[in-house]
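Notes to accompany the following structure.
In the numbering used here, the protein residues as written are 26 to 118.
See the structure below:
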């Protein structure tokens with residue numbers, strides 16, 4: 026899995042629309058010009074961090090498209106398995 030600036034831009038655009046922001050409003054929140062926001066080059070890591078904060082998402086999602094909910098679901102299943110295992114040990118003692 027590699028960084029694709031076009032895919033990253035599409036994810037940012039979807040998040041912006043979900044929040045009901047125009048490009049101008051998003052640029053203002055990020056303290057950049059609309060021209061910079063619409064830029065055709067990849068964003069700096071500093072800008073991506075700011076976008077992740079404003080859009081309430083992870084850098085993993087912005088940069089690589091990894092869905093944090095899927096990761097959280099896997100972690101929850103693993104924790105549930107550990108809890109059940111510990112409960113079984115507690116009963117055995």
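All C-beta atoms, glycine included, are put in the ideal place defined by N, C-alpha and C. Quick caveat: nothing in here was measured; it's all calculated off a predicted structure.
Under a 10 Å Cβ-count criterion, residue 117 is classified as exposed, with fewer than 16 other Cβ atoms of the shown protein chains found around its own Cβ. Taking all protein chains shown into account, residue 41 has 16 or more neighbouring C-beta atoms within 10 Å of its C-beta and is therefore buried.
The residue from 47, 87 and 77 with its alpha-carbon nearest to that of residue 30 is 87. Counting only the Cα atoms, residue 102 lies some 24 Å from residue 81. It is roughly 32 Å from the alpha-carbon of residue 55 to the alpha-carbon of residue 100.
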